[in-house]
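Residue numbers (this note's numbering), protein chains in the order written: chain A, 73 to 184; chain B, 40 to 151. Following: one structure in structure tokens, then a few remarks.
Below, the structure written as structure tokens:
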């Protein structure tokens, strides 16, 4: 089944404790992206990747890191999480830029 | 920079009522336009998209949208809504940039 998976689905952590949210797609898509969804603000792009080893900042990259060492994986790293990063995070992928995106199930992160 | 405006934040309709959700974007060049839907507790999925050709596009579940280039609009319509259409709807635009910009979303509540 074609899908985007994210782990964990729920995470409660404390300020400053490094964490990684994994994202994997099995559709051989080149384009992958991370979004955060906040009430009243919709989805805002954090980082995106055009292909392996090619990443770029989205609209709200501060406090986040990403890497794209393999085509299928695009982990989101929070080196030192803060409470303002409490949010719902979605990973998405598409065959190429501008194409239909397929979204993962979301990761609800709470930073205390 | 490209931007997307969804003017209706929360819409409440009775079943069988007609629906129109507004979406306006700002970008001077060629755009790809999308409507995504997020049902309660689920991830986003594509409702319909416009890349080129006929400006009236049809999507799943009886939804359609019309691209009006002169008005920079891509409004979503459905002649008769059902309770199962209760969801949050996001308009998205991809212009000449690698990234996609989402609107803030419209929550639709359909009352049986």
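Yeah, the Cβ is synthetic: ideal placement off N, Cα and C, and Gly gets one too.
Cβ of residue i within 8 Å of any chain B Cβ
i	result
residue 88(A)	no
residue 117(A)	yes
residue 181(A)	no
residue 146(A)	no
Partner residues on chain E for residue i, Cβ-Cβ distance less than 9 Å
i	result
residue 177(A)	Protein chains A and B are contained in the structure displayed, whereas chain E is not.
Residue i: contacting residues in chain A (beta-carbon distance under 7 Å)
i	result
residue 71(B)	170
residue 88(B)	172
Three-state class that DSSP yields for residue i in the structure shown
i	result
residue 141(A)	coil
residue 79(A)	strand
residue 112(B)	strand
residue 84(B)	strand
residue 57(B)	coil
residue 114(A)	strand
residue 128(A)	strand
residue 89(A)	coil
residue 91(B)	coil
residue 123(B)	helix
residue 138(B)	coil
Whole-Å CB distance - residue i paired with residue j, under 8 Å assumed
i	j	result
residue 108(A)	residue 132(A)	7 Å
residue 42(B)	residue 64(B)	7 Å
residue 75(B)	residue 60(B)	The pair is not a contact, with the Cβ atoms about 12 Å apart (cut-off 8 Å).
residue 78(A)	residue 95(A)	5 Å
Residue-level contact to chain A via CB, residue i, 8 Å cutoff
i	result
residue 32(B)	Residue 32(B) lies beyond the range of chain B shown here (40 to 151); nothing can be said about it.
residue 58(B)	no
residue 85(B)	yes
Chain B residues whose Cβ lies nearer than 7 Å to that of residue i
i	result
residue 114(A)	129, 141, 142, 143 and 144
residue 130(A)	138
Endpoints, the beta strand (DSSP E) within which residue i is located
i	result
residue 156(A)	Taken as a continuous stretch (DSSP letters only), residue 156(A) belongs to no beta strand (DSSP E), as it is neither H nor E.
residue 128(B)	126-133
residue 63(B)	63-65
residue 71(B)	71-77
Proximal residues of chain A, C-beta to C-beta of residue i below 9 Å
i	result
residue 133(B)	169, 170 and 171
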